[in-house]
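Under this note's numbering, the very last position in the sequence shown is 870; numbers go up by exactly one each time. Every residue, glycine too, gets a C-beta built ideally from N, C-alpha and C. Treat the numbers as computed from the prediction; the structure is a model and nothing was measured. One structure is given here, and the rest of the page talks about it.
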Amino acid sequence: MALLSIGMDFKRPLRLLALVVVFGFLLFRYNPLQESRYSWMLPMDWSLNGGYRPDILQYVNPLIGTINGGHVFPGPTHPYGMAKPCPDSMIRGENAAGFVSDDSPIGGFSHLHDSGTGGSPSMGNFPIFAHPGCPSDDYTQCNYTITDRMLPRVPGTAEAHVGYFALNLTNNVRAEMTASTRTALYRFTFPSTQDDTSISRDTRPNPPISPLLLIDLQDLGQTSLSASAGCQVYAESGRIIGEGTFMPSFGRGTYQAYFCADFRGAAVRRLGTFIGKEARADTTYLNAVDRGFQNPSGSGGAWVQFERPEESDQIVARVGMSFVSVDQACSNAEAEIPDFDFDRTVRDVEMIWSEKLSVVELDTRGVHPDMQTIFWSGLYRSMLSPQNYTGENPLWESKEPYFDSFYCIWDSFRAQHPLLTILDPNAQAEMVRALIDIYRHEGKLPDCRMSFSKGFTQGGSNADVVIADAFIKGVTEGIDWDTAYEAVISDAEVTPKDWSLEGRGNIEAWEQYGYIPVDDRDLQGNGPHSRTVSRTVEYAYDDFAIATLAKELGHETDFAKYMNRSGFWRNIWNPEQEDLYHDADGDVQRTNFKGFPQPRFKDGTFKYQTTRMCSPVYEPHKCYFDTAQSTYEGSPWLYSFYAPQDMKGLVEVFGGKQKFFDRLDYYHSSGIADMGNEQSYLTVFQFHYAGRPGRSSYWVNQYIPAQFNASVNGIPGNDDCAMGAFVAMSLMGFFPVAGQSVYLLTAPFFPEVKIKSGGPRPAVIRRVWAAGQEEGGIYIQSATLDGKPYTRNWISHDFFSGGGELELVVGTEEGNWGTADEDLPPSFPHERSWMDGLGT
Numbered sequence: 031m032a033l034l035s036i037g038m039d040f041k042r043p044l045r046l047l048a049l050v051v052v053f054g055f056l057l058f059r060y061n062p063l064q065e066s067r068y069s070w071m072l073p074m075d076w077s078l079n080g081g082y083r084p085d086i087l088q089y090v091n092p093l094i095g096t097i098n099g100g101h102v103f104p105g106p107t108h109p110y111g112m113a114k115p116c117p118d119s120m121i122r123g124e125n126a127a128g129f130v131s132d133d134s135p136i137g138g139f140s141h142l143h144d145s146g147t148g149g150s151p152s153m154g155n156f157p158i159f160a161h162p163g164c165p166s167d168d169y170t171q172c173n174y175t176i177t178d179r180m181l182p183r184v185p186g187t188a189e190a191h192v193g194y195f196a197l198n199l200t201n202n203v204r205a206e207m208t209a210s211t212r213t214a215l216y217r218f219t220f221p222s223t224q225d226d227t228s229i230s231r232d233t234r235p236n237p238p239i240s241p242l243l244l245i246d247l248q249d250l251g252q253t254s255l256s257a258s259a260g261c262q263v264y265a266e267s268g269r270i271i272g273e274g275t276f277m278p279s280f281g282r283g284t285y286q287a288y289f290c291a292d293f294r295g296a297a298v299r300r301l302g303t304f305i306g307k308e309a310r311a312d313t314t315y316l317n318a319v320d321r322g323f324q325n326p327s328g329s330g331g332a333w334v335q336f337e338r339p340e341e342s343d344q345i346v347a348r349v350g351m352s353f354v355s356v357d358q359a360c361s362n363a364e365a366e367i368p369d370f371d372f373d374r375t376v377r378d379v380e381m382i383w384s385e386k387l388s389v390v391e392l393d394t395r396g397v398h399p400d401m402q403t404i405f406w407s408g409l410y411r412s413m414l415s416p417q418n419y420t421g422e423n424p425l426w427e428s429k430e431p432y433f434d435s436f437y438c439i440w441d442s443f444r445a446q447h448p449l450l451t452i453l454d455p456n457a458q459a460e461m462v463r464a465l466i467d468i469y470r471h472e473g474k475l476p477d478c479r480m481s482f483s484k485g486f487t488q489g490g491s492n493a494d495v496v497i498a499d500a501f502i503k504g505v506t507e508g509i510d511w512d513t514a515y516e517a518v519i520s521d522a523e524v525t526p527k528d529w530s531l532e533g534r535g536n537i538e539a540w541e542q543y544g545y546i547p548v549d550d551r552d553l554q555g556n557g558p559h560s561r562t563v564s565r566t567v568e569y570a571y572d573d574f575a576i577a578t579l580a581k582e583l584g585h586e587t588d589f590a591k592y593m594n595r596s597g598f599w600r601n602i603w604n605p606e607q608e609d610l611y612h613d614a615d616g617d618v619q620r621t622n623f624k625g626f627p628q629p630r631f632k633d634g635t636f637k638y639q640t641t642r643m644c645s646p647v648y649e650p651h652k653c654y655f656d657t658a659q660s661t662y663e664g665s666p667w668l669y670s671f672y673a674p675q676d677m678k679g680l681v682e683v684f685g686g687k688q689k690f691f692d693r694l695d696y697y698h699s700s701g702i703a704d705m706g707n708e709q710s711y712l713t714v715f716q717f718h719y720a721g722r723p724g725r726s727s728y729w730v731n732q733y734i735p736a737q738f739n740a741s742v743n744g745i746p747g748n749d750d751c752a753m754g755a756f757v758a759m760s761l762m763g764f765f766p767v768a769g770q771s772v773y774l775l776t777a778p779f780f781p782e783v784k785i786k787s788g789g790p791r792p793a794v795i796r797r798v799w800a801a802g803q804e805e806g807g808i809y810i811q812s813a814t815l816d817g818k819p820y821t822r823n824w825i826s827h828d829f830f831s832g833g834g835e836l837e838l839v840v841g842t843e844e845g846n847w848g849t850a851d852e853d854l855p856p857s858f859p860h861e862r863s864w865m866d867g868l869g870t
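Put into structure tokens, the structure is as follows:
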């Protein structure tokens with residue numbers, strides 16, 4: 031508290047003044063341009079303004095994952111917010127979410143983005159760009175097309191905090207941005223004089239200061255269908271409105287978006303429209319029909335030029351967004367940010383995130399600040415998507431919530447949705463209701479959905495798992511379970527016309543053969559005839575999720591049917607398949623591991639797929655959506671571990687606990703494991719099923735912080751809002767088996783974690799050091815739950831929903847805790863209670 035110590039050197043009145051100043055800063059915030067906005071804040075447990083938590087916010091670094099394939103959106107947004115403004119980097123490959131922490135040029139600042147996705151850039155609609163002036167004060171000499179206008183950023187000027195992003199460009203413009211739920215707010219600072227280079231330190235000659243702001247009707251992926259694009263600029267106010275039709279980044283279809291931009295800070299000097307390089311001041315309306323909007327540059331839109339800002343050298347731009355109409359875009363902006371108050375909008379976002387994140391409290395004594403950054407940043411990222419578009423759905427009218435940007439449930443069901451079930455069950459219930467409503471109106475649950483379009487399926491029908499997971503954990507508020515059950519049964523029984531976009535394919539073969547034959551051709555619908563191994567094990571688990579729901583809802587016959595089908599994972603297991611690979615000299619080598627899932631023909635014979643195909647050590651890029659291989663984004667090695675409904679049976683197939691342990695340990699130590707893909711998450715913790723929970727703790731500590739850390743490249747793959755969930759739960763000391771009321775326990779990284787899920791009392795996980803052992807241990811030696819000995823290496827959801835105190839004694843060596851057969855997680859086909867009354 032340096033300010034306080036300085037104040038103590040003065041007389042009493044000055045000391046009082048210093049106190050007032052300090053607490054005034056505490057109440058209202060420091061200047062957002064500071065290098066470290068929160069470095070002066072008080073210790074943990076200090077809260078202000080009804081829940082403002084600077085002790086949390088200072089550890090959220092939105093830039094983590096903005097390079098190295100993370101594709102994280104780093105700009106300001108609300109939890110599950112629609113408005114997501116940030117700068118758009120113009121070199122493809124990394125810019126799926128807009129901004130990339132590299133040196134690529136910036137083409138504008140757009141208002142809608144997705145976060146953590148793979149593939150092509152998503153959204154980035156209607157970018158705004160600011161020129162400080164035009165050469166020779168001639169508006170026609172400013173740059174309008176994306177290619178011409180994009181500029182380098184000033185190195186080291188990117189700043190990202192909760193609710194705030196800023197960046198300097200080499201045209202001497204500083205761009206700051208914040209957001210409400212559906213409106214982006216920008217603050218552009220221009221040089222105070224023609225020769226002022228204080229912002230960018232660029233020594234090039236500058237034009238006269240007369241800022242020109244343009245809005246382009248293009249999107250980041252340049253998917254705009256120009257025949258439906260148009261805009262208008264109003265001479266009286268400078269307001270720009272517009273619309274466009276675009277294509278989704280990982281699906282089929284189109285969507286329409288609308289914007290409404292207003293400006294404050296300087297008088298309007300002149301305005302007009304542009305197509306490509308041509309700008310005109312005599313036209314205030316632009317559409318494809320009137321002016322032939324087809325042009326090679328792809329750029330076209332409207333511009334406003336202002337007199338030099340006299341008071342603050344700043345112009346504020348407010349851009350309301352909608353997927354329904356221009357009028358609704360304007361209404362959104364006017365209702366959410368009526369006063370154009372940039373700093374207040376930042377504070378509002380900070381308060382909302384403070385409330386959302388403070389459901390977790392940490393004791394961080396002795397914990398490195400980087401671990402706190404990894405944790406809070408991961409928790410923050412897990413709430414960026416899906417995006418709440420309730421009230422913005424143009425496809426159908428409904429009283430149900432509508433969420434979009436399920437990118438993709440194949441990724442998120444494993445970690446993100448189970449985390450939200452604990453920390454934000456109300457939001458999770460609304461997401462489930464949205465999934466069910468999509469089924470009502472489109473006939474199938476999505477496996478991936480974005481921009482009001484159907485996304486591509488990657489494996490099974492994984493919304494089935496999300497729905498079952500919510501039900502068994504009591505997340506039931508407002509959910510129509512009859513329709514939910516109808517939806518999951520449709521996934522299991524009805525082949526859609528195009529199962530590359532929804533549902534499942536090869537259903538008849540699935541029932542006839544008990545697996546998906548590699549030579550089956552589905553005559554009921556169309557889809558990629560590949561991924562037969564990964565789809566088989568995923569369909570089996572999806573059927574387990576349906577069996578779970580059937581059991582809970584009283585559909586006993588269905589329960590028996592789908593529980594039986596959940597065992598079909600065994601039918602692609604080739605016990606004779608060896609693990610063969612080429613060494614550095616090209617010679618064929620083999621390990622002692624035998625037995626792997628393999629593609630299988632209708633006649634029961636197996637087709638060979640290299641066991642390491644599509645792993646980091648061999649052909650890692652051959653198993654994406656258009657693959658011809660039998661596994662998706664992973665190897666047969668990876669998929670050999672996927673039978674979470676029947677781990678006891680899987681261990682038996684491997685040859686017993688020791689062989690299962692040896693293979694799983696080899697998988698993680700040999701480079702075959704890819705933590706950049708979500709399927710590997712559960713394998714980190716599956717040592718629990720071999721009676722070795724300590725080894726799960728060991729590998730958690732290997733991957734954190736080696737691959738999950740506080741640097742900008744601190745995640746190993748597309749975030750999908752799942753990387754953040756994985757690391758947050760791992761640091762708290764548990765990981766879910768999605769679709770089951772099972773959480774596998776490991777040593778937490780913090781002395782105490784307190785989770786307030788809305789139950790009668792919090793769930794507390796406390797770490798204490800074993801007697802006589804040094805700090806730094808990672809192995810649980812013993813445990814108590816509410817003061818009573820607890821020997822199971824897993825815990826049920828009742829702990830989080832009802833609360834309790836779980837105390838874990840942690841040491842430096844593996845002990846015997848959680849190793850006995852009765853302490854292992856359940857394997858449901860072997861649990862007789864499930865079969866009661868069924869005659870099985």
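Where the beta strand (DSSP E) through residue i begins and ends
i      : result
Trp603 : Trp603 to His612
Tyr288 : Tyr285 to Arg294
Glu273 : Ile270 to Phe276
Gly137 : Ile136 to Ser140
Asp393 : Val390 to Asp393
Val203 : It is not in any beta strand (DSSP E) - Val203 carries neither H nor E in the DSSP assignment.
Glu308 : Glu308 to Arg310
Under the three-state DSSP convention, the category residue i falls into
i      : result
Met153 : strand
Gln716 : helix
Leu854 : coil
Leu774 : strand
Gln554 : coil
Asp249 : coil
Asn173 : coil
Tyr545 : coil
Gln262 : strand
Lys429 : coil
Val376 : helix
Pro859 : helix
Test item: CB-CB of residue i and residue j under 9 Å
i      : j      : result
Tyr611 : Tyr648 : yes
Gly163 : Ile97  : no
Phe336 : Ala296 : yes
Pick from the options that is closest to residue i, judged by C-alpha positions
i      : options                           : result
Phe195 : Val681, Gln224 and His141         : His141
Ile94  : Val563, Leu680, Arg294 and Cys751 : Cys751
Ser254 : Pro278, Glu516 and Ser240         : Pro278
Ala720 : Gly111, Gly154, Glu852 and Ser415 : Glu852
Thr587 : Asp633, Arg561, Glu532 and Ile519 : Ile519
Gly744 : Tyr82, Pro92, Gln88 and Ser428    : Pro92
Tyr216 : Thr275, Ser131, Val376 and Gly268 : Val376
Leu392 : Ala445, Pro859, Phe780 and Val618 : Phe780
Pro778 : Gly788, Asp441, Ser727 and Phe691 : Ser727
First through last residue of the alpha helix (DSSP H) which encompasses residue i
i      : result
Cys116 : Taken as a continuous stretch (DSSP letters only), Cys116 belongs to no alpha helix (DSSP H), being part of the beta strand (DSSP E) at Cys116 to Ser119.
Tyr410 : Pro399 to Arg411
Asn317 : Unbroken run through Asn317 is the beta strand (DSSP E), Tyr315 to Asn317; no alpha helix (DSSP H).
Min CB distance residue i to chain B below 9 Å
i      : result
Tyr437 : Looking at the structure shown, chain B is missing, and only one protein chain is on hand.
- Message: I want to know whether the stretch 598-615 touches the stretch 559-578 - three or more CB-CB distances under 8 Å.
- Response: yes
- Decide if the stretch 610-627 is in contact with the stretch 651-670; the criterion is three or more beta carbon pairs, one per stretch, under 8 Å apart. yes
- Message: Whether or not the stretch 745-759 and the stretch 807-827 are in contact is what I'm after, with contact meaning three or more pairs of Cβ atoms, one per stretch, closer than 8 Å; do they touch?
- Response: no
- Query: For the stretch 552-561 against the stretch 572-581, are there 3 or more C-beta pairs whose distance is under 8 Å?
  - Reply: no
- Item | Three CB pairs or more closer than 8 Å across the stretch 136-154 and the stretch 246-263 | yes
- Task: Take every Cβ of the stretch 203-211, pair it with every Cβ of the stretch 101-121, and state whether three or more of those distances are shorter than 8 Å.
- Result: yes
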